[in-house]
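Peer 1: For reference, the structure I am asking about is given below.
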Amino acid sequence: MPSSVLFEVRRQAEESVEKLVNHDRDHKVFNSGDSVFSDKDKMREQGKRKFSWRNETDESFARMRKIAQQRKSLPIASVERRVVDEVRKNDTLIIVGETGSGKTTQLPQFLFNAGFCRDGKLIGVTQPRRVAAVTVAKRVAEECGIELGQKVGYSIRFEDVTSSTTRIKYMTDGLLLREALLDPRLSKYSVIIVDEAHERTVHTDVLLGLLKNVQRARLRSPTNQCLVDSKDFHTSKVLPLKLVIMSASLDARGFSEYLGNAKAVHVQGRQFPVDILYTYSPESDYIDAALITIFQIHLEEGPGDILVFLTGQEEIESVERLVRERALHLSEDSRKILTVPVYSALPSEQQMQVFRPAPDGFRKVILATNIAETSVTIPGIRFVIDTGLVKARSFNPRTGMESLVIIPISKAQALQRSGRAGREVPGKCFRLYTEDEFGKLAESTIPEIKRCNLSNVVLQLKALGIDDVIGFDFMDKPSRMAVVKSLEHLYVLGALTVEGKLSDPVGFQMARLPLDPIYAKGLIVASKLNCLEEMLIIVSMLSVESIFYSPREKMEEARAARKCFASQEGDHITLLNVYRASVESLEKSRMGNQETIRDKTVEKKLNKWCRENFINSRSLRHAREIHRQILGHVQNMGLNVTSCGQDMDQFRRCLAASFFLNAAVKQPDGLYRAMASGQTVQIHPSSVLFGTKPDCIIFNELVRTNHNYIRNISRIDPLWLSEFAPHYYGNKE
Ligand SMILES: Nc1ncnc2c1ncn2[C@@H]1O[C@H](COP(=O)(O)OP(=O)(O)OP(=O)(O)O)[C@@H](O)[C@H]1O
1 MPSSVLFEVR
11 RQAEESVEKL
21 VNHDRDHKVF
31 NSGDSVFSDK
41 DKMREQGKRK
51 FSWRNETDES
61 FARMRKIAQQ
71 RKSLPIASVE
81 RRVVDEVRKN
91 DTLIIVGETG
101 SGKTTQLPQF
111 LFNAGFCRDG
121 KLIGVTQPRR
131 VAAVTVAKRV
141 AEECGIELGQ
151 KVGYSIRFED
161 VTSSTTRIKY
171 MTDGLLLREA
181 LLDPRLSKYS
191 VIIVDEAHER
201 TVHTDVLLGL
211 LKNVQRARLR
221 SPTNQCLVDS
231 KDFHTSKVLP
241 LKLVIMSASL
251 DARGFSEYLG
261 NAKAVHVQGR
271 QFPVDILYTY
281 SPESDYIDAA
291 LITIFQIHLE
301 EGPGDILVFL
311 TGQEEIESVE
321 RLVRERALHL
331 SEDSRKILTV
341 PVYSALPSEQ
351 QMQVFRPAPD
361 GFRKVILATN
371 IAETSVTIPG
381 IRFVIDTGLV
391 KARSFNPRTG
401 MESLVIIPIS
411 KAQALQRSGR
421 AGREVPGKCF
431 RLYTEDEFGK
441 LAESTIPEIK
451 RCNLSNVVLQ
461 LKALGIDDVI
471 GFDFMDKPSR
481 MAVVKSLEHL
491 YVLGALTVEG
501 KLSDPVGFQM
511 ARLPLDPIYA
521 KGLIVASKLN
531 CLEEMLIIVS
541 MLSVESIFYS
551 PREKMEEARA
561 ARKCFASQEG
571 DHITLLNVYR
581 ASVESLEKSR
591 MGNQETIRDK
601 TVEKKLNKWC
611 RENFINSRSL
621 RHAREIHRQI
631 LGHVQNMGLN
641 VTSCGQDMDQ
651 FRRCLAASFF
661 LNAAVKQPDG
671 LYRAMASGQT
681 VQIHPSSVLF
691 GTKPDCIIFN
701 ELVRTNHNYI
711 RNISRIDPLW
721 LSEFAPHYYG
731 NKE
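Start counting the sequence shown at 1; every next residue gets the next number (UniProt numbering).
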């Protein structure tokens with residue numbers, strides 16, 4: 001086992017700038033080194049920015065001054081007027097600028113100052129990830145010296161921090177899609193900025209196609225007459241929609257072609273250099289290489305926190321443990337190393353922990369998935385360790401099964417990862433692969449739309465009135481087979497009619513719920529079978545990861561505690577028992593009311609109960625929050641929230657009726673056959689049914705490691721399948 005990992009050094013600037021300049025050879029190139037403004041202009045521009053400095057304490061005054069100076073020194077600051085002019089002149093503009101150059105935080109403010117929010121219009125900025133939407137909005141509110149939720153706010157699924165005064169709104173791309181359902185012309189927005197477009201999430205791709213339609217629709221009257229010339233933006237009453245696409249690492253030419261030869265501009269320059277280091281030879285064990293590099297940096301480099309990119313929650317938890325164990329062998333002083341995990345299944349509130357400074361004298365090591373890859377600035381990060389891998393969705397259109405697999409990242413992702421350093425001070429990025437291996441990586445990430453289950457997308461498009469999904473103007477078309485499979489899936493769930501239209505009311509109801517179609521259907525079925533109260537709990541609990549918590553040193557106690565909740569019927573009723581027991585424990589102290597969950601004393605009680613019962617309190621709190629929000633949705637939709645009481649057979653019938661597409665039957669060899677896909681699967685060891693082997697089950701999750709594992713499983717009677725899904729199982733035994 002190597003005791004150190006050897007690295008070669010390259011400067012990031014060489015690789016990124018050259019590439020981007022090549023991309024943009026035909027486009028105008030801004031150089032932040034050029035003097036764009038005269039000094040007077042600059043002062044006038046700066047004078048327009050308003051900071052609420054009066055009445056601030058000295059400390060916050062100093063902070064505001066520091067922030068103002070930081071902002072001025074950003075590469076994009078010196079080309080403010082030119083960027084604004086380009087947005088004015090072009091309906092669609094592509095902006096490529098290096099990581100940390102100030103695109104996400106500054107451009108919306110420039111546009112606000114330039115009058116793009118006149119008449120109460122909003123500037124919307126979409127992000128592929130919740131954590132970016134939240135943290136960037138916080139930063140921009142701070143830069144403006146205002147409270148979050150006033151002029152600057154954010155909106156993500158299950159959380160809206162905006163008000164009637166909000167003018168710059170950060171949000172996830174998925175959320176803007178939902179807004180389009182209610183307002184197809186997105187009429188409250190004057191500008192939409194699609195940030196980090198290189199990520200090509202399925203939502204970004206659908207959004208781009210949709211925004212092209214919205215732009216056309218807003219330039220035309222109902223009789224299809226062209227009303228507005230976009231150059232008359234400020235004089236016309238009907239506002240065209242301005243669209244800005246941004247990233248540090250996108251294929252500007254491809255985007256430009258797709259967006260009607262849209263102009264692309266390049267904001268050059270970065271604030272601080274990042275040294276890129278490659279290993280001399282390939283590393284066979286990236287986890288071990290990451291660990292060695294963490295300690296190499298910790299012991300040999302100067303101050304600064306470390307950001308490590310790993311592939312998932314389990315890996316992060318195991319590296320966390322290993323760092324703690326290895327640190328014990330160091331001198332007392334060198335032991336001051338603090339690990340902080342961040343991955344998408346963590347509740348937002350806990351994800352925010354990574355932004356807190358480490359205690360004095362400690363070095364913070366953030367263990368992250370690609371959730372921290374784009375957009376975010378994590379203060380204090382000086383070193384990045386990039387394993388070169390990512391866990392990505394993979395969809396098999398033939399079987400209709402989606403799973404997660406670990407694959408190499410693209411060059412664009414490597415660039416984004418290194419760009420998390422060099423934002424406040426110069427940085428270093430340690431790539432745990434050779435330069436040769438880097439050269440072989442794909443330029444950009446395969447669009448998610450080509451590798452995921454499309455049921456949700458198709459449902460959304462149908463709800464937006466786009467019936468011809470295959471003919472939709474996607475930047476990269478998904479495979480025909482994948483679209484057909486999802487149409488089939490939605491038809492079987494009852495969301496579509498035979499003609500492929502959204503069914504009334506089921507399809508419309510499903511589209512309104514911000515959930516996977518199968519869960520949305522589960523809630524609708526449950527309201528008919530008098531189990532909605534139970535199903536709401538199950539859907540909330542299934543929306544979070546790792547409800548149970550087993551510290552290594554207390555495995556036996558944790559196992560015993562878990563047994564108290566376990567149901568022989570399966571994981572769903574087990575989760576129901578956990579949720580209800582937690583509510584009961586609060587009710588005993590008259591605190592069971594959901595409204596009071598934010599209260600500190602309630603939180604303390606709940607944490608204590610979770611500790612005693614080996615339940616992950618953060619996951620449970622998150623599930624309670626999701627429960628509160630979905631309850632609001634189903635109540636607004638007028639669904640019956642009733643309970644089946646003690647009749648758990650009725651509830652299992654409801655599970656079978658809801659999740660019939662995920663049924664599996666036992667085979668003579670003890671493995672299971674998933675009935676819809678024909679795949680061989682086996683029960684995951686974490687399931688309460690592991691080792692019991694019931695004849696027929698339904699499950700909610702497929703995890704592909706070296707086996708096809710299924711998780712969240714319940715025992716069902718196979719006859720229920722033909723009772724509740726005769727259209728699917730009617731002719732089968
Ligand atoms: N929360 C924060 N704390 C401290 N500094 C910040 C914060 N957010 C942004 N900054 C500063 O503002 C700079 C610009 O950030 P911004 O997110 O606007 O850049 P960007 O060009 O959009 O980068 P990327 O392409 O990586 O998203 C950062 O490099 C950093 O110096």
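Every residue, glycine too, gets a C-beta built ideally from N, C-alpha and C.
Span of the beta strand (DSSP E) holding residue 714?
Peer 2: Within the sequence shown, residue 714 is the residue found at index 714, counting from 1. Here the beta strand (DSSP E) through residue 714 covers 708 to 715.
Peer 1: Is the stretch 190 to 209 touching the stretch 110 to 127 in the sense that three or more CB pairs, one from each, lie closer than 8 angstroms?
Peer 2: Flag = yes, the stretch 110 to 127 and the stretch 190 to 209 touch.
Peer 1: Measuring straight from C-alpha to C-alpha, what distance separates residue 154 and residue 75?
Peer 2: The residue given as residue 154 occupies position 154 in the sequence shown. The residue given as residue 75 occupies position 75 in the sequence shown. Cα-Cα distance, rounded: 25 angstroms.
Peer 1: Let me make sure I understand the geometry here. Which of 73, 500, 703, 77 has the alpha-carbon closest to that of residue 392?
Peer 2: For the purposes of this step, residue 392 is identified with residue 392 of the sequence shown, where counting begins at 1. When only C-alpha atoms are compared, the closest one is 703.
Peer 1: Consult DSSP for residue 277 and reduce its assignment to one of helix, strand or coil.
Peer 2: As a working note, residue 277 is residue 277 in the sequence shown. Residue state, collapsed to three classes: strand.
Peer 1: When DSSP builds the beta bridges, which residues end up paired with residue 663?
Peer 2: By one-based count along the sequence shown, residue 663 stands at place 663. BP columns for residue 663 point to 698.
Peer 1: Using the three-state DSSP reduction, which class does residue 170 fall into: helix, strand or coil?
Peer 2: Residue mapping note: residue 170 aligns to position 170 of the sequence shown, counting from 1. Here residue 170 sits in strand by DSSP.
Peer 1: Ignore the nearest five residues each way along the sequence and tell me which others in residue 473's own chain have a CB closer than 7 angstroms to its CB.
Peer 2: Translated into positions along the sequence shown, residue 473 becomes position 473. Result list for residue 473: 209, 212, in chain order.
Peer 1: Could you tell me the alpha carbon to alpha carbon distance between residue 255 and residue 475, rounded to whole angstroms?
Peer 2: By one-based count along the sequence shown, residue 255 stands at place 255. By one-based count along the sequence shown, residue 475 stands at place 475. Near 8 angstroms, if we compare the C-alpha coordinates of residue 475 and residue 255.
Peer 1: Once you ignore the five residues that flank residue 55 on each side, which residues in its own chain have a CB closer than 7 angstroms to its CB?
Peer 2: The count along the sequence shown starts at 1 and reaches residue 55 at position 55. Low confidence applies to residue 55: its pLDDT is 44, below 50, so where it sits in the model is not reliable enough to give any reading.
Peer 1: Identify whether residue 158 lies in helix, strand or coil by the three-state DSSP scheme.
Peer 2: Counting from one through the sequence shown, the residue named residue 158 turns up at place 158. Three-state DSSP puts residue 158 in coil, outside helix and strand.
Peer 1: Using a Cβ-Cβ cutoff of less than 8 angstroms, which residues in the same chain neighbour residue 363 once the five nearest sequence positions on both sides are dropped?
Peer 2: Taking the sequence shown and counting its residues from 1, one reaches residue 363 at position 363. Only 298, 303, 304, 305, 306, 336, 337, 338 meet the Cβ criterion.
Peer 1: Please report the distance separating the alpha-carbon of residue 85 from that of residue 133.
Peer 2: Your numbering for residue 85 matches position 85 in the sequence shown. Your numbering for residue 133 matches position 133 in the sequence shown. Whole-angstrom Cα-Cα distance: 26 angstroms.
Peer 1: Going by DSSP, what residue range makes up the alpha helix (DSSP H) through residue 137?
Peer 2: Within the sequence shown, numbered from 1, the residue matching residue 137 stands at position 137. Counting along the chain, the alpha helix (DSSP H) containing residue 137 begins and ends at 130 to 144.
Peer 1: Is DSSP giving residue 321 helix, strand or coil here?
Peer 2: The residue given as residue 321 occupies position 321 in the sequence shown. Correct three-state label for residue 321: helix.
Peer 1: State yes or no: is the C-beta of residue 264 within less than 8 angstroms of the C-beta of residue 252?
Peer 2: Numbered from its first residue, the sequence shown carries residue 264 at position 264. Numbered from its first residue, the sequence shown carries residue 252 at position 252. Yes, the Cβ-Cβ distance between residue 264 and residue 252 is below 8 angstroms.
Peer 1: In three-state DSSP terms, what is residue 394?
Peer 2: Locating residue 394 in the sequence shown gives position 394, where the first residue counts as 1. It is a strand residue.
Peer 1: What is the C-beta distance between residue 429 and residue 274, in whole angstroms, given that I count them as a contact (C-beta under 8 angstroms)?
Peer 2: For the purposes of this step, residue 429 is taken as residue 429 along the sequence shown, with counting starting at 1. For the purposes of this step, residue 274 is taken as residue 274 along the sequence shown, with counting starting at 1. Right, the Cβ-Cβ distance comes to about 6 angstroms (below 8 angstroms), so this counts as a contact.
Peer 1: With a threshold of 7 angstroms (Cβ to nearest heavy atom), would residue 444 be considered close to ligand 1?
Peer 2: Counting from 1 along the sequence shown, the entry for residue 444 is found at position 444. No, the beta carbon of residue 444 sits no closer than 7 angstroms to any heavy atom of ligand 1.
Peer 1: Does the Cβ-Cβ distance between residue 575 and residue 547 come in under 8 angstroms?
Peer 2: One-based indexing of the sequence shown puts residue 575 at position 575. One-based indexing of the sequence shown puts residue 547 at position 547. Cβ distance < 8 angstroms, so residue 575 and residue 547 count as in contact.
Peer 1: Taking the alpha helix (DSSP H) that residue 75 falls in, what are its first and last residues?
Peer 2: In the sequence shown, the residue the question calls residue 75 occupies position 75. First-last for residue 75: undefined, no H or E at that position.
Peer 1: Where are the beta strand (DSSP E) runs, 3 residues long or more, that stay fully inside the stretch 76 to 105, in chain order?
Peer 2: Correct list: 92 to 97.
Peer 1: Using the Cα positions of residue 317 and residue 342, report the straight-line distance between them to the nearest angstrom.
Peer 2: Here residue 317 refers to the residue found at position 317 of the sequence shown. Here residue 342 refers to the residue found at position 342 of the sequence shown. Near 10 angstroms, if we compare the C-alpha coordinates of residue 342 and residue 317.
Peer 1: Would you kindly work out how many angstroms separate the C-alpha atoms of residue 106 and residue 352, rounded to a whole number?
Peer 2: The residue given as residue 106 occupies position 106 in the sequence shown. The residue given as residue 352 occupies position 352 in the sequence shown. For residue 106 and residue 352, the distance between alpha carbons rounds to 22 angstroms.
Peer 1: How is residue 205 classed by DSSP in three states: helix, strand or coil?
Peer 2: Against the sequence shown, residue 205 aligns to sequence position 205. Helix at residue 205.
Peer 1: Quick one: is the Cβ of residue 100 within less than 7 angstroms of any heavy atom of ligand 1?
Peer 2: Sequence index remark: in the sequence shown, residue 100 carries index 100 (1-based). Answer for residue 100: yes, Cβ within range of ligand 1.
Peer 1: Measure the alpha-carbon distance for residue 52 versus residue 492 and round it to whole angstroms.
Peer 2: Locating residue 52 in the sequence shown gives position 52, counting from the first residue. Locating residue 492 in the sequence shown gives position 492, counting from the first residue. Annotation note: pLDDT 37 at residue 52 (below 50); position unreliable, coordinate value reported separately. Those two C-alpha atoms are separated by around 57 angstroms.
Peer 1: For ligand 1, is there a heavy atom less than 7 angstroms away from the beta-carbon of residue 357?
Peer 2: For the purposes of this step, residue 357 is taken as the residue at position 357 of the sequence shown. No, ligand 1 has no heavy atom inside 7 angstroms of this Cβ.
Peer 1: Indicate the three-state DSSP secondary structure (helix, strand or coil) for residue 518 in the structure shown.
Peer 2: Stepping through the sequence shown from its first residue, residue 518 is reached at position 518. Helix, per DSSP.
Peer 1: Indicate, with yes or no, if ligand 1 has a heavy atom lying under 7 angstroms from the CB of residue 74.
Peer 2: To locate residue 74, count along the sequence shown from 1; it is residue 74. Yes, the Cβ of residue 74 comes within 7 angstroms of a heavy atom of ligand 1.
Peer 1: Look up residue 470 in the DSSP assignment and say whether it is helix, strand or coil.
Peer 2: As a working mapping, residue 470 is identified with position 470 in the sequence shown. In the structure shown, residue 470 sits in coil (DSSP, three-state: anything other than H, G, I, E or B).
Peer 1: Around the C-beta of residue 422, are 16 or more other C-beta atoms found within 10 angstroms, so that it is buried, or is it exposed?
Peer 2: Indexing the sequence shown from 1 puts residue 422 at position 422. When all chains shown are included, residue 422 counts as buried.
Peer 1: Residue 36 by DSSP, collapsed to three states: which one?
Peer 2: Translated into the one-based positions of the sequence shown, residue 36 becomes position 36. Low confidence applies here, because residue 36 scores a pLDDT of 25, under 50, leaving its location unreliable; read the following figure in that light. DSSP places residue 36 in coil when its eight states are reduced to three.
Peer 1: Could you tell me whether the stretch 710 to 730 touches the stretch 646 to 658, where touching means 3 or more Cβ pairs closer than 8 angstroms?
Peer 2: With the cut-off at 8 angstroms, the stretch 710 to 730 and the stretch 646 to 658 touch.
Peer 1: When the distance is taken between beta carbons, is residue 215 closer than 8 angstroms to residue 91?
Peer 2: For the purposes of this step, residue 91 is taken as the residue at position 91 of the sequence shown. For the purposes of this step, residue 215 is taken as the residue at position 215 of the sequence shown. Contact: yes.
Peer 1: Using beta-carbon positions only, say whether residue 365 and residue 354 come within less than 8 angstroms of one another.
Peer 2: Here residue 365 refers to the residue found at position 365 of the sequence shown. Here residue 354 refers to the residue found at position 354 of the sequence shown. Contact: no.
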